[in-house]
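Colleague: Chains as they are written, first to last, in this note's numbering: chain A, 751 to 948; chain B, 751 to 948. Beta carbons: idealized from backbone N, C-alpha and C, even for Gly. Please read these numbers as outputs of a predicted model, since none were measured by experiment.
Number of protein chains: 2
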Amino acid sequence: MGRPRAFDEERVLDAAMRAFWAGGYEGTSTRDLCEATGLDRSSVYNAFTSKHELFKRALARYLDAMTATQAEILGDVGRPAGERVRALLARIIDDEFRCRGDGPSIGCLSVNTTVELAGHDEEISRLLDRDLRRRLDALQAVIEEGLRAGDIVSGRDPATLARYLNAVIAGIRVSAKGGAGRADLEAIAATALDTLIR
Amino acid sequence: MGRPRAFDEERVLDAAMRAFWAGGYEGTSTRDLCEATGLDRSSVYNAFTSKHELFKRALARYLDAMTATQAEILGDVGRPAGERVRALLARIIDDEFRCRGDGPSIGCLSVNTTVELAGHDEEISRLLDRDLRRRLDALQAVIEEGLRAGDIVSGRDPATLARYLNAVIAGIRVSAKGGAGRADLEAIAATALDTLIR
DNA sequence: TCAGTTCTGGATCAATCGGTGCAAAATGGA
DNA sequence: TCCATTTTGCACCGATTGATCCAGAACTGA
Numbered sequence: 751m752g753r754p755r756a757f758d759e760e761r762v763l764d765a766a767m768r769a770f771w772a773g774g775y776e777g778t779s780t781r782d783l784c785e786a787t788g789l790d791r792s793s794v795y796n797a798f799t800s801k802h803e804l805f806k807r808a809l810a811r812y813l814d815a816m817t818a819t820q821a822e823i824l825g826d827v828g829r830p831a832g833e834r835v836r837a838l839l840a841r842i843i844d845d846e847f848r849c850r851g852d853g854p855s856i857g858c859l860s861v862n863t864t865v866e867l868a869g870h871d872e873e874i875s876r877l878l879d880r881d882l883r884r885r886l887d888a889l890q891a892v893i894e895e896g897l898r899a900g901d902i903v904s905g906r907d908p909a910t911l912a913r914y915l916n917a918v919i920a921g922i923r924v925s926a927k928g929g930a931g932r933a934d935l936e937a938i939a940a941t942a943l944d945t946l947i948r
Numbered sequence: 751m752g753r754p755r756a757f758d759e760e761r762v763l764d765a766a767m768r769a770f771w772a773g774g775y776e777g778t779s780t781r782d783l784c785e786a787t788g789l790d791r792s793s794v795y796n797a798f799t800s801k802h803e804l805f806k807r808a809l810a811r812y813l814d815a816m817t818a819t820q821a822e823i824l825g826d827v828g829r830p831a832g833e834r835v836r837a838l839l840a841r842i843i844d845d846e847f848r849c850r851g852d853g854p855s856i857g858c859l860s861v862n863t864t865v866e867l868a869g870h871d872e873e874i875s876r877l878l879d880r881d882l883r884r885r886l887d888a889l890q891a892v893i894e895e896g897l898r899a900g901d902i903v904s905g906r907d908p909a910t911l912a913r914y915l916n917a918v919i920a921g922i923r924v925s926a927k928g929g930a931g932r933a934d935l936e937a938i939a940a941t942a943l944d945t946l947i948r
C-alpha cells in the first residue's frame, strides 16, 4: 500500500557509498548525494532519515562486501595458506587500480573513514571496530593454518602476524592514495611477505 | 611601521596545525581555527590570506618538523643502521601515544591529509609528494648503509625496502587511529623488522 | 604632534549546509 | 470509485560556511 518507490534501495546505497568513498563524510554534501543517486533530498531523508544514517548504511554495506570478498579469498581451501595471503594482497592492489581515474587511487573507504572519523564518531567507530575484528580473525585463522601446514614460517604468534598484515594492507592503501604505482605496491606486498613465506 | 601584530606567527601556525590535525581540513572551520589560535577572523585572513593558504602553511610546518626529526634519528652515525630504523619506529609509536586523550590517537597529519586531500587538491598533493620523496630518500640512505655494513640483510633493493618501511609506518598510524594499543603497534613494528634485521 | 601604515574587533556578506513542510502523484484495499 | 498510505518534487527553514568591509586602535617616522 502507498506509493511505490521509484528507486532500488541497494543501487542508491551503492551510489551513496561511492560518493562518500570519493569525497569523505564531511566532504560529501547531501546535494552531492542526490546528484550521485538521482534522488531528491526528501526521498533520501524519507528513506534513510539523515545523512549520518545513510553513511552508516553505506559504510556497513562496503565493509560487508569487502570483508566477505577477502574472507572468500582467505578461505579457498584448494590452495596453501601462504598463497591465499599472497592472493589477498594481489586483490587489494588490483582494487586500488580498478576504479582509479587519471589521479591517485580513491583508496579504501574503511581506511578513509578510520582516518576521518574514528575517535570523533562513536557509532562509526563501532562499525569499524567490528569489521576490524572480523578481518583480523580471518587473517589469524589462515596464518594458524599456514603455520601448522608449514608453508608459513615465523617466530611471531598468529595474532601479531594478523595485526602486522592488516597494517601492511592499510599502508599499501595509503601509499596508493599517495600516488605510488602498481609496481611500487607489488614490491611492498612482496617484501611484507618475506617474513612469512619462504 | 604600522600597528604591530599582537600574536606570534609560529605559535599561531602551531595552534592551527593542531586544529587541522585533530579535525581534518574540511572538518575544521575558520571559527574553530580562531578559537584554537585566539585570533579574530580578520587577523587570520590578514595574516594568512585564506583557510587554504593557512592549511598549506600549517601542513608544510608539520612536514618539515616531522621529517627533520626522523632524519635526525636516521642520521645518528653513532648507531648501526638497523638500530636507527628500529629507533624511528619506536619514536613513531611514542608520538602516537604522546598527544592522545582517552580516545584513539589523532594519528599523523601527513597520513590524514593524504587520505583526505590527495587527488582532490593539487597544491597539497605537491607538498605531500615532496615530503614523501624526502622521507623515502632518508630511509633508502640508511638502508643502503645497513646493507653495506651487514646489519641489514635482504634480497630486496634499497628503494623497495624504503617504500616498504614507509608503508609500514602508515599502517602503524592507521592502526593507531583504529584503536590499536601500544603493545599491538610494537608487535607490528617488530614483525616488520624481521625481514630486515636479524 | 600628526601623517601614513598596519592590525584588530565586530558586523556583515552571499553561498551552502543539513533538514523540513506541503501539496501533488501514485499505489492497494474496500 | 474513493480512502488511506506512501513517495516525490519543490520551496523553504535556520544555522553555518569561508570571506570581506570598515571604523578605530596602535604603532613608526617626520
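How would you list, in chain order, the residues of chain A whose beta-carbon sits under 7 Å from the beta-carbon of B:P854?
Modeller: Working through the second sequence from its first residue, we reach residue 854 of chain B at position 104. Here the neighbours are A868 and G869.
Colleague: What residue from B:T863, B:A888 and B:I843 has the CA that sits closest to B:A937's CA?
Modeller: The residue you call residue 937 of chain B lines up with position 187 of the second sequence. Answer by Cα proximity: B:I843.
Colleague: Below 6 Å CB to CB, which residues in the same chain sit around A:T864 once its five sequence neighbours on both sides are set aside?
Modeller: Here residue 864 of chain A refers to the residue found at position 114 when the first sequence is read from its first residue. So the list reads L878, once near-sequence residues are dropped.
Colleague: Spatial neighbours of A:A939 within its chain, please: C-beta separation below 6 Å, excluding the five flanking residues on both sides.
Modeller: As a position in the first sequence, residue 939 of chain A is number 189, starting the count at 1. L839, listed in sequence order.
Colleague: Pull up the distance between the alpha-carbon of B:L813 and that of B:E895, whole angstroms please.
Modeller: Here the question's residue 813 of chain B lines up with position 63 in the second sequence. Here the question's residue 895 of chain B lines up with position 145 in the second sequence. Cα to Cα, the separation comes out at about 24 Å.
Colleague: For the stretch 926–947 of chain A, which residues have a CB atom closer than 8 Å to at least one CB atom of chain B, in sequence order?
Modeller: Result list: K927, G928, G929, A930, D934, A937, I938, A940, T941, A942, D944 and T945.
Colleague: Among B:D790, B:A810, B:H802 and B:G777, which residue has its Cα nearest to the Cα of B:E760?
Modeller: Mapped onto the second sequence, residue 760 of chain B falls at position 10. Measuring from the Cα of B:E760, the nearest candidate turns out to be B:A810.
Colleague: Taking all protein chains shown into account, decide if A:S792 is buried (16 or more other Cβ within 10 angstroms of its Cβ) or exposed.
Modeller: The residue you call residue 792 of chain A lines up with position 42 of the first sequence. Result: exposed.
Colleague: So A:A766 and A:A808 are supposed to be a Cβ contact under 8 Å. How far apart are they, rounded?
Modeller: Here the question's residue 766 of chain A lines up with position 16 in the first sequence. Here the question's residue 808 of chain A lines up with position 58 in the first sequence. Contact flag correct, Cβ pair sits at about 5 Å.
Colleague: Start and end of the alpha helix (DSSP H) containing A:H870?
Modeller: Walking along the first sequence from the start, residue 870 of chain A turns up at place 120. Note, A:H870: premise wrong, no alpha helix (DSSP H); not H, not E.
Colleague: Quick test of your reading: A:T817 and A:R884, contact by CB under 8 Å. State the CB separation rounded to the nearest angstrom.
Modeller: Counting from 1 along the first sequence, the entry for residue 817 of chain A is found at position 67. Counting from 1 along the first sequence, the entry for residue 884 of chain A is found at position 134. So it is a contact: roughly 5 Å between Cβ atoms.
Colleague: At the 8 Å Cβ level, is B:I922 part of the contact set with chain A, yes or no?
Modeller: For the purposes of this step, residue 922 of chain B is taken as the residue at position 172 of the second sequence. It does: the Cβ of B:I922 has a partner Cβ on chain A nearer than 8 Å.
Colleague: Using a Cβ-Cβ cutoff of 7 Å, what residues of the stretch 755–788 of chain B are near chain A? List them in chain order.
Modeller: Against chain A - using a Cβ distance shorter than 7 Å - the residues of the stretch 755–788 of chain B are G774, E776 and G777.
Colleague: Closer than 9 Å by beta-carbon distance: list the chain A residues that pair up with B:D901, in chain order.
Modeller: The sequence position of residue 901 of chain B within the second sequence is 151, counting from 1. Ordered by position in chain A, no residue passes the 9 Å Cβ test against B:D901, which lies about 17 Å from the chain.
Colleague: Considering just the uninterrupted stretch of the alpha helix (DSSP H) at A:R834, what are its terminal residues?
Modeller: By 1-based counting over the first sequence, the position of residue 834 of chain A is 84. Looking at the DSSP string, the run of the alpha helix (DSSP H) that includes A:R834 is A831 to R848.
Colleague: Once the 5 residues before and after A:A942 are set aside, which same chain residues still bring their CB inside 7 Å of it?
Modeller: The residue you call residue 942 of chain A lines up with position 192 of the first sequence. Correct list, in chain order: V918.
Colleague: According to a CB-to-CB cut-off of less than 9 Å, which residues of the stretch 819–843 of chain A neighbour chain B?
Modeller: The stretch 819–843 of chain A vs chain B, Cβ under 9 Å: nothing.
Colleague: Which residue comes first and which comes last in the alpha helix (DSSP H) that contains B:R761?
Modeller: On the second sequence, position 11 is the one that residue 761 of chain B refers to. From DSSP, the alpha helix (DSSP H) with B:R761 extends over E759 to G773.
Colleague: Give me the chain B residues within the contact set of A:T910, using Cβ-Cβ distance strictly less than 7 Å, ordered along the chain.
Modeller: Mapped onto the first sequence, residue 910 of chain A falls at position 160. Those within 7 Å of A:T910 in chain B are A937 and T941.
Colleague: In chain order, what residues of the stretch 879–906 of chain A put their CB closer than 8 Å to some CB of chain B?
Modeller: Those residues of the stretch 879–906 of chain A that come within reach of chain B (Cβ to Cβ, closer than 8 Å) are D879, L882, S904, G905 and R906.
Colleague: Would you please state the rounded distance, in angstroms, between the beta carbons of B:G869 and A:K927? I believe it to be under 8 Å.
Modeller: The residue you call residue 869 of chain B lines up with position 119 of the second sequence. The residue you call residue 927 of chain A lines up with position 177 of the first sequence. Sure, about 7 Å apart at Cβ, within 8 Å.
Colleague: If you drop the 5 nearest sequence neighbours on each side, which residues of the same chain put their C-beta closer than 7 Å to that of B:F805?
Modeller: If you number the second sequence from 1, residue 805 of chain B lands on position 55. Only F770 and Y775 meet the Cβ criterion.
Colleague: Listing by chain order, which chain B residues have their CB less than 7 Å from the CB of A:N862?
Modeller: Working through the first sequence from its first residue, we reach residue 862 of chain A at position 112. Correct list: V865.
Colleague: Could you check whether A:V903 and A:R948 sit closer than 8 Å to each other, using their CB atoms as the reference points?
Modeller: Residue 948 of chain A sits at position 198 when you count from the first residue of the first sequence. Residue 903 of chain A sits at position 153 when you count from the first residue of the first sequence. Contact flag set, yes.
Colleague: Looking at the C-beta of B:R913, does it have a partner C-beta in chain A at a distance below 8 Å?
Modeller: Numbered from 1 along the second sequence, position 163 holds the residue referred to as residue 913 of chain B. Chain A contact via Cβ: present.
Colleague: Relative to the C-alpha of B:L735, which residue among A:S925, A:R848, A:T910 and A:L911 is closest?
Modeller: Absent from the structure is residue 735 of chain B, since the part of chain B shown begins at 751 and ends at 948.
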